[in-house]
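To start, the structure under review is shown below, and the notes come after it.
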Amino acid sequence: MSLRVAQAIVVKDLRTEARSRSAVSTVLPFAATMLLAFGFALGPDRLLLARTAPALLWLAALFASVELCHRSYQHEAANDALEGLLLSPADKGAVYLGKAAAAFVQLIVLLVVTTGIVIVLFGLPVGPAPALLLLTAVLGIAGLSTLGSLLGLLAVRSRTRQAALPVLILPLVSPVIIAATKATTGLTHGSTAGIGGWLSLLVAFDAAYLAAGYIVFGHLLED
Amino acid sequence: MTAAERAAVRLSRVTRLFDGLAAVSQVSLEIAPGEVVWLRGWNGSGKTTLLRLIATAISPTFGGGSVLGFDLRAERSAIRARTDLLSHETRLYADLTAVENLRFACSLYDIDPRRAEPALGRVGLEELAAVRVGRFSQGMRQRLALARCIMRTPALILLDEPYAALDVDARVVVDELLITARARGQTVVVASHEAPPAHLIDRELTMDGGRVLAPAGVTS
């Protein structure tokens with residue numbers, strides 16, 4: 016039953032996004048505008064732009080994940096659908112896994128588009144190990160989606176609402192952003208030294224956030 | 055079998071505070087299995103909070119009790135699997151169609167998704183199955199929420215102002231739900247500010263200021 020519940024949540028969230036286009040109409044322009052603003056702020060120095068591009072890419076992904084997870088729970092809060100999830104006998108851990116998986120798919124799509132922008136605008140090279148770069152992207156986005164899907168719920172239930180989410184997520188997600196940025200910087204500049212350590216760190220944090228989310232989500236959903 | 059196990063709902067001195075104010079105060083209540091109870095009171099009398107307490111949407115600040123033989127605090131999952139609360143908020147997704155909303159509920163409740171279409175037919179929404187709920191009026195949304203309840207056949211049905219926003223045809227659907235539930239032995243608690251349809255209920259209770267007052271009459 017748990018797998019069926021998680022699958023139903025994924026299908027429902029992706030279907031809602033496909034129809035409401037909230038990520039396409041708000042989150043993507045937000046991330047693109049942010050990258051453009053950074054580009055203007057840093058100036059025309061191509062070397063500086065290429066050097067800072069991995070950090071800017073992951074910052075854009077971070078802010079996009081905050082916005083996306085907030086919107087995902089706004090859909091749940093409308094008409095009190097969140098209470099519908101609470102009052103169902105469904106495994107709340109499975110609900111969390113579904114929410115995180117749906118956020119993961121949407122963030123991967125967003126990252127692909129923003130990476131394209133960064134390659135064109137900042138001259139970021141793909142590097143000699145695209146498979147490892149892809150693995151970094153998957154692990155980094157997994158960290159953002161697992162944590163965002165947990166804290167998004169907390170934010171929508173708190174009185175401070177949207178303001179609470181960045182305050183909660185930024186300190187906790189720092190290891191993921193640092194590891195993903197370091198790995199991306201190394202890989203795009205042709206160096207694989209130390210990549211294993213950064214990727215291991217990403218795996219460890221992804222696993223920790225996923226486990227914490229699975230266990231805690233049901234408690235956060237309660238009154 | 056103990057008294058708690060015999061009663062569908064048994065509350066003992068239940069109080070719920072919001073920011074220090076009691077929405078429900080010292081309520082003790084016993085509802086027998088299969089009973090249809092009408093909980094009448096003005097806005098702010100505590101009806102909705104009481105239904106939400108029974109449904110385990112919120113926890114009591116003080117007091118306790120059991121629902122369908124399960125402890126109100128410790129066995130919430132078991133209560134939720136057997137209870138349906140229909141409230142002002144329909145808990146539907148505006149970007150999903152009517153039938154998609156029901157099939158999603160089927161996944162959550164682990165029931166056969168083929169029950170969705172017949173349930174839509176019962177509430178007169180079969181022709182709007184493929185229409186997104188965002189285009190529905192409040193009355194149509196309430197019908198769809200009723201279809202979700204019909205599809206599940208829970209042991210305890212909690213209806214909060216079920217006639218609000220409904221036209222005459224849809225009010226008949228609620229009446230039919232009460233008749234069917236009674237025939238099947240399902241327990242129903244209806245919270246409303248309206249006078250009850252006496253032929254459809256077993257007992258009327260009055261709420262005021264967060265308290266359940268003395269029974270206003272027995273009609274069964």
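Here the protein sequences line up with chains A and B, keeping their order.
For the first sequence, the working numbering gives the first residue as 16, with consecutive numbering after it.
For the second sequence, the working numbering gives the first residue as 55, with consecutive numbering after it.
Backbone N, C-alpha and C define an ideal beta-carbon position, used for all residues, glycine too.
*With 16 other CB atoms within 10 Å as the buried threshold, where does Val182 of chain A fall?*
exposed
*Partner residues on chain A for Tyr163 of chain B, Cβ-Cβ distance less than 8 Å*: Ser103, Pro104, Ala105
*Proximity test, Cβ basis, 9 Å: Leu71 of chain B and chain A*: no
*How many Å lie between Arg67 of chain B and Gly99 of chain A at the Cα?*
27 Å
*What is the rounded straight-line gap between the Cα of Ala270 of chain B and the Cα of Met261 of chain B?*
With a pLDDT of 46 at Ala270 of chain B, under the threshold of 50, the modelled position of that residue is not reliable, and the figure given next carries that caveat. Cα-Cα distance, rounded: 10 Å.
_For Gly175 of chain B, which residues in the same chain have their Cβ closer than 6 Å to its Cβ, ignoring the five residues on either side in sequence?_
none
*In the structure shown, what three-state DSSP assignment does Asp106 of chain A receive?*
Coil at Asp106 of chain A, not helix or strand.
*asked:* Does the distance between the C-beta of Ala115 of chain A and the nearest non-hydrogen atom of the ligand NAP fall short of 8 Å?
replied: As for the ligand NAP, it is missing from this structure, which has no ligand bound.
*Chain-order list of residues whose beta-carbon lies under 7 Å from that of Thr161 of chain A (same chain, five-residue window excluded)*: Ala115, Asp221, Tyr224, Leu225, Gly228
_Does Asn279 of chain B pass the burial test, meaning 16 or more other C-beta atoms within 10 Å, or should it be called exposed?_
The requested residue 279 of chain B does not occur in the structure, where chain B is confined to residues 55 to 274.
*asked:* If I measure Cβ to Cβ from Ala23 of chain A and keep anything under 8 Å in the same chain, skipping five residues before and after, which residues do I get?
replied: Around Ala23 of chain A, the same chain offers Gly113 as residues with beta carbons nearer than 8 Å, after the five sequence neighbours per side are excluded.
_Let me make sure I understand the geometry here. Which of A:Pro44, A:Ser215, A:Gly201, A:Val127 has the alpha-carbon closest to that of Val191 of chain A?_
A:Ser215
*Cross-strand partners of Ala211 of chain B (DSSP beta bridge)*: The residue you asked about is not Ala; residue 211 of chain B is Ile in the sequence shown. Per DSSP, B:Asp138, B:Val242.
*Using the DSSP secondary-structure output, state which residues sit across from Gly167 of chain A in a beta bridge.*
Looking at the DSSP assignment, Gly167 of chain A forms no beta bridge with any residue, so it has no partner.
*Can you find a CB in chain B that lies within less than 9 Å of the CB of Glu82 of chain A?*
no
*asked:* Residues in the same chain with beta-carbon distance under 7 Å from Ala144 of chain A, minus the five sequence neighbours each way, listed in chain order, please.
replied: Leu202, Thr207
*Would you call the segment 239-258 of chain B and the segment 79-89 of chain B touching, i.e. three or more CB-CB distances under 8 Å?*
yes
_What residue range does the alpha helix (DSSP H) around Arg86 of chain A cover?_
Per DSSP, Arg86 of chain A belongs to the alpha helix (DSSP H) from 61-92.
_Using only CA atoms, which one of A:Leu71, A:Ala68, A:Glu32, A:Leu147 lies nearest to Cys84 of chain A?_
A:Glu32
_Own chain partners of Val81 of chain B with C-beta closer than 6 Å, once the 5 adjacent residues on each side are dropped_ = Leu65, Val68, Val266
*Say whether chain B places a C-beta atom closer than 9 Å to the C-beta of Thr31 of chain A.*
Yes, contact with chain B.
*Kindly indicate if chain A contains any beta-carbon less than 9 Å away from that of Asp214 of chain B.*
no
*Exposed or buried, which one is Gly138 of chain A when buried takes at least 16 other CB atoms within 10 Å?*
exposed
*asked:* Can you pull the chain E neighbours of Lys114 of chain A, defined as C-beta to C-beta under 9 Å?
replied: Of the protein chains in this structure, namely A and B, none is chain E.
*How many Å lie between Ser164 of chain A and Ala237 of chain B at the Cα?*
44 Å
*Starting from Arg19 of chain A, find everything on chain B with Cβ-Cβ shorter than 8 Å and list it in chain order.*
Ser161, Asp164
*Where does His242 of chain A land, buried or exposed, given buried means 16+ other C-beta within 10 angstroms?*
Outside the shown range of chain A (16 to 238) lies residue 242 of chain A, about which nothing can therefore be said.
*What in chain B is Cβ-close to Ser35 of chain A, meaning under 7 Å?*
Listed along chain B are Asp149, each with a C-beta nearer than 7 Å to that of Ser35 of chain A.
*For Ser284 of chain B, which residues in chain A fall below 7 Å Cβ to Cβ?*
The first residue shown for chain B is 55 and the last is 274, placing residue 284 of chain B beyond what the model contains.
_For the beta strand (DSSP E) containing Leu259 of chain B, name the first residue and the last one._
Here the beta strand (DSSP E) through Leu259 of chain B covers 257-262.
*Give me whichever residues DSSP pairs with Ser120 of chain B in a beta bridge.*
According to DSSP, Ser120 of chain B bridges with B:Arg64, B:Asp125.
_Could you check whether the Cβ of Ala219 of chain B sits closer than 9 Å to any Cβ belonging to chain A?_
no
*Rounded to whole angstroms, what's the CA-CA distance from Arg168 of chain B to Ser161 of chain B? Just pull it up for me.*
11 Å
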